[in-house]
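Engineer: Below is one structure. I have some questions about it.
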Amino acid sequence: MFGSNDPLDFIDHIRENQDQFWELFSEHMSLVLYATLIGLVIAIPLAILTSRIKVLDKPMTLIANTGQAIPSLAVLALALPLFGIGFKPALFALSLLAILPIFLNTLVGINSVDAAVVDAARGMGTSDIQLLWQVQLPLAMPFLFAGVQTAVVLSIGGATLAAYIGAGGFGDWILQGLAVRNFPILLAGAVPVAVLAMIAEIVLGWVRRLVVPKGLTVS
Amino acid sequence: MQYILDNPGRVFELTIEHLQLVFSAILIAALIGIPLGILISRVKWLALPVLNISGVLYTVPSLAFFAILIPYTGIGKTTAITALAVYSLLAIVRNTAAGMNEVPASVVDAARGMGMGQFQRLRLVELPLAIPYIFAGIRLATVAGIGIGAIAAVIGGGGLGRLIFDGIRTIDSNRIVAGALMCIILALLAEYGFSKLALLLRPDMRVKAERG
Amino acid sequence: MITLEHVTKTFRMEGHAINAVDDVSFTVEEGELAVLIGPSGSGKTTTMRMINRLEEPTSGKISVNGQDVMSMNVVNLRRHIGYVIQQGGLFPHFTVAENVATVPRLLGWSKKKRRERAEELLALVGLDPAIFANRYPRQLSGGQQQRVGVARALAADAPIILMDEPFGAVDPITRTQLQRWLRQVQQDVKKTIVFVTHDINEAFLLGDRIILMRDGHIEQNGTPADLLRSPETEFVKEFIGDEFALQALEHTYIAELAKPVPSRVPDDTLVIPAGMSIPEASREITQADTTGHSGFLVTDEEGKPEGYVTYEDLASAIGEGISSGAESSDEVIPELLESEDA
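Protein chains in written order, with our numbering: chain Y, 16 to 234; chain P, 2 to 213; chain L, 21 to 362.
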């Protein structure tokens, strides 16, 4: 390709390769979506369980915190021997990455319910399930959503890296751009990712505010 | 794990490289972030815009961030350090501001009333009292930075990410595990180190309060 | 010596201006303990804070030892005025000794001198330096922390001390102890003290002069006895005679204060039945016109004078508050029960 290597030409690149753009988009977002769903399905019950069995609290929290220090790249890489390359290992790795923040936040949310409130509820004869369903989960919602927010944003980032193990997504253009030192392609991959992440953060933030039960103010 | 024992030299070299990256980034972020945090705790209306901007920057996934910087700062360590520094800003600014705001108003009033000038107050009273928060911010940023720093290898920044990438390329899980393991160890050391450092600067936090 | 001349402090709140302090003038002589007292919102704290320029007057002049405070370097001014506040304001990250030595440190004293001074003052306030010097504030009880606060204010030997409800945050028993202790210390050191409180007992106990404020202006400025003897406005009468404020003394009967009747008493001396409690008697007194008198007569149920109480004594009793009342009323009550009407 002749012509300048002006990074801002990425807009042209996208326009000229719209089919590919949307293909990458759907690869990227399906990873994010499925990973987040799996994360929710696993993390929430896990958090509920941990909140009920006191001995689990410290070890689980330690594992989760340590897990956050593991580079996402490593998690992706370690899925390779298990699943080969492509969508599957990426989904596996990203799900793990999504579980962590959702778990931690939900746990904090459940535990954040004032001990006095729990005590009063138990004293009034609320069964454990009722307590969970009617008191703790609703009050934990804002925290849960903060966890989902983090998980989604992390997944968008992780999905970008997943290109490294053949899962596609916008990372493909980033890697391509890096390999041939082509800035327009580089940014054609990077900018959509950045924009997606910001949109996700903002929109989920709104949803989080909507989910706050009446009577609570979350700053 | 075996890999570390077999190749201590290489692992060590990459670990040092990694630490240099993270350390430089955190240093820059702290030099900018702590004063910024102090500023927004004083000038209230600045708080929201500053926190929002650093929040937005924090959202951008690391690889994308690195990529966007590359046309302007090139491939290699500079880009990596710049990006890491920007990521670390949010945690440091936010925590510093929180720490400054936590200093009890009565303590500030007493300090003023006794005749401390603004800078004396900052140096003798407000900053020492904000240290636990500031250090929490630095600690958070460091641990996150250790993880994100692995990606720096993608763009020629070196560090433990190289181990992981080599591992992917050669389908050698030993290397991948070695890289990941070193990152975890560094993160744990950082957690431990910063808590100890904070206690050193605030010996009063070691003692328990009197009841009632 | 502290002088306030026509001092006003105006705050702007949502468009309109409020005079938190309105044309206030008074003088505190050297060695005097002046109490600024009044309901909340009366401007007493703001007034005090203008002396060390934590607030600056909108108009008027404040002078310390003849010098206008606005003409002095503010940091220097504050280093020469002691400052004690209700919540203590001790620095949690300094040891007790370091807290006490704060102003000396700001003034550049040597480490050795600071240490010695801190130990000296801790001993003065009744906290054994060997035990307390290296402790941290959180390891001390509320009362002990307040005493450290006072020691800190005395450290640089400032001639003037400002105290803003220093004993407000501790329990009543500790508060009484601290009050008596301060009175003791003041007798030794004779500082010029401006003391803000809303507690009448405290004011009467500690004050050489009482400046009663309301809504930013001074209602009366006089000795405790003056306020009893000749209250100048309705508000003063109500404030002093306020049953609620003197409730602690409702089991103390005026008879206890009675001393032998002096040989000569003016004919129109006020007469109070022995069975009246101090709050009741105070109300009677403030309603009556007793200017110029030194005391009043206490009579038995038949109206026969059996004792005499000076206004100074009454003021002291009000200052003494609970302790003397609670202790002695147990003995008095059985006797008086027979003579009580209702």
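Note that the Cβ used here is the ideal one computed from N, Cα and C, for glycine as well.
Going by beta carbon distance, what residues of the same chain come within less than 6 Å of L/Phe114, once the five residues before and after it are set aside?
Structural biologist: Once the five neighbours on either side are set aside, L/Phe114 has no close Cβ partner at all.
Engineer: Interface residues of chain L around P/Ser42 at Cβ under 8 Å?
Structural biologist: Result: empty, since nearest Cβ-Cβ is about 18 Å, beyond 8 Å.
Engineer: If we define contact as Cβ-Cβ less than 8 Å, is P/Gly148 a contact residue for chain Y?
Structural biologist: yes
Engineer: In the DSSP assignment, find the beta strand (DSSP E) that holds L/Met33 and state where it starts and stops.
Structural biologist: Ile22 to Met33
Engineer: Using a cut-off of 9 Å between C-beta atoms, extract the partners of Y/Leu176 located in chain P.
Structural biologist: Pro62, Ser63, Leu64, Ile152 and Val155
Engineer: Within 8 Å (strictly less), CB to CB, does P/Gly159 reach chain Y?
Structural biologist: no
Engineer: Evaluate Y/Glu42 with the Cβ neighbour count: other Cβ atoms within 10 Å of its Cβ, from every protein chain shown; 16 or more gives buried, anything less gives exposed.
Structural biologist: buried
Engineer: Would you mind working out which of L/Pro244, L/Lys29, L/Arg98 and L/Gly327 sits nearest L/Ser283, comparing C-alpha positions?
Structural biologist: L/Gly327
Engineer: Can you list the residues of chain P that Y/Ala212 reaches, using a CB-CB cut of under 7 Å?
Structural biologist: Thr60, Val61 and Pro62
Engineer: What are the residues that DSSP puts in a beta bridge with L/Leu53?
Structural biologist: L/Ile213
Engineer: Could you tell me which of Y/Ala105, Y/Asp21 and Y/Ser170 sits nearest to P/Tyr73, measuring between CA atoms?
Structural biologist: Y/Asp21
Engineer: Whole angstroms are fine: how far does the CA of L/Arg234 sit from the CA of L/Ala40?
Structural biologist: 10 Å
Engineer: Our contact map puts L/Leu56 next to L/Met70 with C-beta atoms below 8 Å; I'd like the distance itself, whole angstroms only.
Structural biologist: Their Cβ separation, rounded to whole angstroms, is 11 Å, which puts L/Leu56 and L/Met70 out of contact at 8 Å.
Engineer: Is any beta-carbon of chain Y found at less than 8 Å from that of P/Ala68?
Structural biologist: yes
Engineer: Alpha carbons only, please: which of P/Ala188, P/Arg95 and P/Lys78 is nearest the one belonging to Y/Gly82?
Structural biologist: Of P/Ala188, P/Arg95 and P/Lys78, the smallest CA-CA separation from Y/Gly82 is found for P/Ala188.
Engineer: Taking 8 Å as the threshold, find out whether the stretch 104 to 113 of chain L comes into contact with the stretch 152 to 166 of chain L through three or more Cβ pairs.
Structural biologist: yes
Engineer: Beta-carbon separation of P/Gly114 and L/Asn72 under 8 Å?
Structural biologist: Yes.
Engineer: Which runs of the alpha helix (DSSP H), 4 residues or longer, sit entirely within the stretch 60 to 135 of chain Y?
Structural biologist: 69 to 82, 87 to 98 and 102 to 127
Engineer: Between the C-alpha atoms of L/Glu49 and L/Ile151, what's the straight-line distance to the nearest angstrom?
Structural biologist: 37 Å
Engineer: Interface residues of chain L around P/Gly118 at Cβ under 8 Å?
Structural biologist: Chain L residues near P/Gly118: Val95.
Engineer: Could you tell me which of L/Ile338, L/Thr47 and L/Asp309 sits nearest to L/Glu25, measuring between CA atoms?
Structural biologist: L/Thr47
Engineer: Along the alpha helix (DSSP H) that carries P/Glu18, what are the first and last residues, could you check?
Structural biologist: Pro9 to Arg43
Engineer: So for Y/Arg223, helix, strand or coil by DSSP?
Structural biologist: helix
Engineer: From the DSSP output, read off the bridge partner residues of L/Gly102.
Structural biologist: L/Ile181
Engineer: In this structure, how does DSSP classify L/Asp148 when only helix, strand and coil are distinguished?
Structural biologist: The DSSP-derived three-state label of L/Asp148 is coil.
Engineer: Note down, in chain order, all residues in the stretch 109 to 133 of chain P with a beta-carbon under 9 Å from any beta-carbon belonging to chain L.
Structural biologist: Against chain L - using a Cβ distance shorter than 9 Å - the residues of the stretch 109 to 133 of chain P are Val109, Asp110, Ala111, Ala112, Arg113, Gly114, Met115, Gly116, Met117, Gly118, Gln121, Leu125, Val126, Pro129, Leu130 and Ile132.
Engineer: Quick check: is the beta carbon of P/Arg107 nearer than 8 Å to any beta carbon in chain L?
Structural biologist: The residue asked about is misnamed: residue 107 of chain P is Ser in this sequence, not Arg. Output row for P/Ser107: interface = yes.
Engineer: When you compare the CB positions of P/Phe136 and P/Ala191, do they come within less than 8 Å of one another, or not?
Structural biologist: no
Engineer: Roughly how many whole angstroms lie between the Cα atoms of Y/Ala50 and Y/Leu71?
Structural biologist: Approximately 25 Å between the Cα atoms of the pair.
Engineer: Do L/Gln165 and L/Gly102 count as a contact pair if the criterion is CB distance below 8 Å?
Structural biologist: No. Outside cutoff.
Engineer: Can the beta-carbon of L/Leu247 be found closer than 8 Å to that of L/Ile230?
Structural biologist: yes
Engineer: With a CB to CB cut of under 8 Å and the five nearest residues on each side skipped, what residues in its chain are close to P/Arg207?
Structural biologist: Leu200
Engineer: Run down chain Y in chain order and give the residues with a C-beta less than 7 Å from the C-beta of P/Ile177.
Structural biologist: Ala89, Ala92 and Leu93
Engineer: Taking P/Cys184 as the reference, give the member of P/Asp173, P/Ser174, P/Phe195 and P/Gly146 with the closest Cα.
Structural biologist: P/Gly146
Engineer: Look at Y/Gly186 and Y/Leu176 and say whether their C-beta atoms are less than 8 Å apart.
Structural biologist: yes
Engineer: When you compare the CB of L/Leu174 with every CB in chain P, is at least one pair closer than 8 Å?
Structural biologist: no
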